[in-house]
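Asker: Residue numbers (the working numbering): 670 to 1016.
Idealized CB from N, CA, C, for every residue including glycine.
Here the structure is a predicted model, which means the values were calculated and not measured.
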Amino acid sequence: MKRLAVLIAVFFCCLVCAADGSAQEQETGREELLNRIEELEKRINELTEESRARRRLEITEQEKQEKEKEVLEAVGREYSLEPKRTLGLDYTLSYKYTPSERILNQLLIERQIDHEIKHTITTSYSILDNLTFSAGIPFVYRYNEVGTDKELDETDIGDITLGFLIQPIKSKAGDVRTILGLSASLPTGRSPFKINPETELSTGNGVYDFSLTASFSKQIDPVVAFWNLGYTYRMDATGLDYRVLDQFILEEVEAGDSISAGAGIGYALSYKISVNSSFSYTYYFSSTYKYTGAIQDVESGDRSEATFVVGLGWKATNKTTLSFSLGYSLTGSGFTFTVRAPFSFVL
């Protein structure tokens, strides 16, 4: 009996110990599970915060379009359009230095001007979201051979320009944006065919000309690429009666046309600053000068001009981006410095 009682007591002790061990294991497992759940929740919260941060940093389509527009505004007005019923006022100051390097035939009325300062005021109105009309009036100051006995200077209005810009196809961010331009230049400046070359300088070209341009741009992160093509038709100058070298009278000029192309890239350094660089090339076809008293007509010959430009855009206000550019001639040693300040008002 004593042995049986001892065996029963031992058996109950084993059961109690087993129950305690099982409870401890369950408690330990429960704690581990809770810890894992807490770690999982913590990780999920971290991933959620990272996702929100990424979304905040991502640029929306509208922001991309605004960024592209700001970069292109610093390049030129031909690459961007304003919304419907927007009145624009654009002031441009440019200084151009062209050394008198070419020796020209005295029967070719193509005079080299050493220095030119031009103030241009351009107004524009957006008839539609994709159609804009503009008119530009330049005021020109030219001076030549400064510090010599042949020093000349002239201040007068230049050739007025009228034009339209149209975006035929609406584009989204990332698409190629196409803007077509049609403009006319009126011979309102001093014509080179109606001045005394010994005492006066011209401030215009003396002929009507019409230009057709196509400008393209595309945002390729992190830069904006832009390029353009253009053709200019120049009308003939007739009925001139312009005397040259006493014995020759210029009666007519068949002005040569020109074709142009250019390309460049722009990059936004920050919210307010952007930089750009571009290359442009223009090919001028020969002009023909017809004189009374001359044995034959005089040809100017074809010529070309190439220019490399670097520019900087500064967003001074929400509506105004000031642009500064320096163009260096690759076919000569001249250069052009330009400052442009556009303003826009929604009517």
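Provide the residue span of the beta strand (DSSP E) that contains PRO1011, from first to last.
Answerer: The residue you call residue 1011 lines up with position 342 of the sequence shown. Run containing PRO1011: 1004-1015, per the beta strand (DSSP E) assignment.
Asker: Given a threshold of 16 other Cβ atoms within 10 Å of its Cβ, counted over all protein chains shown, does VAL876 qualify as buried or as exposed?
Answerer: As a first step, residue 876 must be located in the sequence shown, where it is residue number 207. With 16 or more Cβ atoms within 10 Å of its Cβ, VAL876 is classed as buried.
Asker: Would you decide whether TYR953 is buried or exposed? Buried here means 16 or more other CB atoms lie within 10 Å of its CB.
Answerer: For this step, residue 953 is matched to residue 284 along the sequence shown. Counting Cβ neighbours within 10 Å, TYR953 comes out buried, since at least 16 surround it.
Asker: Just tell me which of ALA937, LYS738 and THR767 has its CA closest to the CA of LYS841.
Answerer: Stepping through the sequence shown from its first residue, residue 841 is reached at position 172. Closest by alpha carbon: LYS738.
Asker: How far does the beta strand (DSSP E) with ILE864 in it extend, from its first residue to its last?
Answerer: Mapped onto the sequence shown, residue 864 falls at position 195. From DSSP, ILE864 is part of no beta strand (DSSP E); its letter is neither H nor E.
Asker: Is the distance from the Cβ of ALA975 to the Cβ of THR1007 below 7 Å?
Answerer: Numbered from 1 along the sequence shown, position 306 holds the residue referred to as residue 975. Numbered from 1 along the sequence shown, position 338 holds the residue referred to as residue 1007. Result no, Cβ atoms of ALA975 and THR1007 do not sit closer than 7 Å.
Asker: Taking TYR764 as the reference, which of ALA1010, PRO856, SER1002 and LEU995 has the closest Cα?
Answerer: Along the sequence shown, one-based indexing puts residue 764 at 95. Cα-wise, what sits closest to TYR764 is LEU995.
Asker: Taking GLU921 as the reference, which of GLU718, PRO861 and ALA804 has the closest Cα?
Answerer: The residue given as residue 921 occupies position 252 in the sequence shown. Closest by alpha carbon: PRO861.
Asker: Which term fits PRO1011, buried or exposed, when burial requires 16 or more other beta carbons within 10 angstroms of its beta carbon?
Answerer: Translated into the one-based positions of the sequence shown, residue 1011 becomes position 342. By the neighbour-count rule (16 or more Cβ atoms within 10 Å), PRO1011 is buried.
Asker: Thinking C-beta only, is VAL893 closer than 7 Å to GLY933?
Answerer: Residue mapping note: residue 933 aligns to position 264 of the sequence shown, counting from 1. Residue mapping note: residue 893 aligns to position 224 of the sequence shown, counting from 1. It is not a contact, given that the beta carbons lie outside the stated cut-off.
Asker: Any idea what DSSP makes of ASN714, helix, strand or coil?
Answerer: Within the sequence shown, the letter at position 45 stands for residue 714. The answer is helix: DSSP assigns ASN714 an H, G or I state.
Asker: Am I right that GLY832 and PRO856 are in contact with their C-beta atoms under 8 Å? What's the rounded C-beta distance?
Answerer: Residue 832 sits at position 163 when you count from the first residue of the sequence shown. Residue 856 sits at position 187 when you count from the first residue of the sequence shown. The Cβ separation is near 16 Å, so there is no contact.
Asker: Following the continuous beta strand (DSSP E) through GLU974, name the residue where it begins and the one where it ends.
Answerer: Along the sequence shown, read from residue 1 onward, the residue named residue 974 stands at position 305. Taken as a continuous stretch (DSSP letters only), the beta strand (DSSP E) holding GLU974 covers 972-984.
Asker: Decide if ASP910 is buried, meaning its Cβ has at least 16 other Cβ atoms within 10 Å, or exposed.
Answerer: Along the sequence shown, read from residue 1 onward, the residue named residue 910 stands at position 241. So ASP910 counts as exposed.
Asker: Within this structure, are the beta carbons of THR801 and LEU750 separated by less than 7 Å?
Answerer: Residue mapping note: residue 801 aligns to position 132 of the sequence shown, counting from 1. Residue mapping note: residue 750 aligns to position 81 of the sequence shown, counting from 1. Cβ distance < 7 Å, so THR801 and LEU750 count as in contact.
Asker: Apart from the five residues on each side of it in sequence, which residues of its chain come closer than 6 Å, Cβ to Cβ, to SER927?
Answerer: To locate residue 927, count along the sequence shown from 1; it is residue 258. These residues qualify, in order along the chain: THR901, THR951 and TYR953.
Asker: Would DSSP call THR872 helix, strand or coil?
Answerer: By one-based count along the sequence shown, residue 872 stands at place 203. Three-state result, THR872: coil.
Asker: Would you check if the distance between the CB atom of SER886 and the CB atom of TYR748 is smaller than 7 Å?
Answerer: By one-based count along the sequence shown, residue 886 stands at place 217. By one-based count along the sequence shown, residue 748 stands at place 79. Cβ atoms of SER886 and TYR748: closer than 7 Å.
Asker: Assign ALA924 to buried or exposed, taking buried as 16 or more other Cβ atoms, counted over all protein chains shown, within 10 Å of its Cβ.
Answerer: Working through the sequence shown from its first residue, we reach residue 924 at position 255. Burial call: buried.
Asker: Determine the extent of the beta strand (DSSP E) in which GLU921 is found, giving its start and end residues.
Answerer: Stepping through the sequence shown from its first residue, residue 921 is reached at position 252. Counting along the chain, the beta strand (DSSP E) containing GLU921 begins and ends at 917-923.
Asker: Can you round the beta-carbon distance between GLU869 and ARG859 to whole angstroms, since I take them to be within the 8 Å contact cut?
Answerer: Locating residue 869 in the sequence shown gives position 200, where the first residue counts as 1. Locating residue 859 in the sequence shown gives position 190, where the first residue counts as 1. Between ARG859 and GLU869 the Cβ distance is about 7 Å, and since that is below 8 Å, they are a contact.
Asker: Excluding the five sequence neighbours on either side, which residues of its own chain have a C-beta within less than 6 Å of the C-beta of VAL1015, listed in chain order?
Answerer: Taking the sequence shown and counting its residues from 1, one reaches residue 1015 at position 346. Result list for VAL1015: THR755, in chain order.
Asker: State the Cα-Cα distance for the pair SER1002 and SER871, rounded to the nearest angstrom.
Answerer: Residue 1002 sits at position 333 when you count from the first residue of the sequence shown. Residue 871 sits at position 202 when you count from the first residue of the sequence shown. Spanning the two alpha carbons is a distance of roughly 22 Å.
Asker: Hey, which unbroken runs of the beta strand (DSSP E) at 3 residues or more fall wholly within the segment 928-964?
Answerer: You should have 942-953 and 957-961.
Asker: Of the choices TYR960, SER956, THR961 and SER943, whose alpha-carbon is the least far from that of SER969?
Answerer: If you number the sequence shown from 1, residue 969 lands on position 300. Cα-wise, what sits closest to SER969 is SER956.
Asker: Using alpha carbons as the reference points, say which of VAL809, THR792 and GLY908 lies closest to LEU762.
Answerer: By one-based count along the sequence shown, residue 762 stands at place 93. Ranking the options by Cα distance to LEU762, first place goes to VAL809.
Asker: Name the residue from ASP890, LEU741 and ALA930 whose alpha carbon lies nearest to the alpha carbon of SER880.
Answerer: Taking the first residue of the sequence shown as 1, we reach residue 880 at position 211. Ranking ASP890, LEU741 and ALA930 by Cα distance to SER880 puts ALA930 first.
Asker: Assign ILE772 to buried or exposed, taking buried as 16 or more other Cβ atoms, counted over all protein chains shown, within 10 Å of its Cβ.
Answerer: Within the sequence shown, residue 772 is the residue found at index 103, counting from 1. Since pLDDT at ILE772 reaches only 43, below the 50 mark, its modelled position is unreliable, and the value read off the structure follows with that caveat. Burial call: exposed.
Asker: On the premise that SER795 lies in contact with LYS753, defined as a C-beta separation below 8 Å, what is that separation, rounded to the nearest angstrom?
Answerer: Stepping through the sequence shown from its first residue, residue 753 is reached at position 84. Stepping through the sequence shown from its first residue, residue 795 is reached at position 126. About 5 Å separates the two Cβ atoms, so the contact holds.
Asker: Give the secondary structure of LYS887 by DSSP, where H, G and I count as helix, E and B as strand, and everything else as coil.
Answerer: By one-based count along the sequence shown, residue 887 stands at place 218. Looking at LYS887 - three-state DSSP - the assignment turns out to be strand.
Asker: If we ignore side chains and look at the alpha-carbon of each, how far apart do THR986 and GLU820 end up?
Answerer: Here residue 986 is taken as the residue at index 317 of the sequence shown, counted from 1. Here residue 820 is taken as the residue at index 151 of the sequence shown, counted from 1. Looking at the two C-alpha atoms, the distance is approximately 42 Å.
Asker: Considering only their Cβ atoms, is the gap separating GLY757 from SER1013 smaller than 7 Å?
Answerer: As a working note, residue 1013 is residue 344 in the sequence shown. As a working note, residue 757 is residue 88 in the sequence shown. Taking 7 Å as the Cβ cut-off, SER1013 and GLY757 qualify as a contacting pair.
Asker: Between LEU938, TYR940, THR767 and THR792, which has its C-alpha nearest GLU814's C-alpha?
Answerer: As a working note, residue 814 is residue 145 in the sequence shown. It is THR767.
Asker: Could you spell out the range, first to last residue, of the beta strand (DSSP E) harbouring LEU758?
Answerer: Taking the sequence shown and counting its residues from 1, the one referred to as residue 758 is at position 89. Residues 755-766.
Asker: Under a three-way DSSP split, which group does LEU645 fall into?
Answerer: Lying outside 670 to 1016, the shown extent of the chain, residue 645 is not represented and no answer is given.
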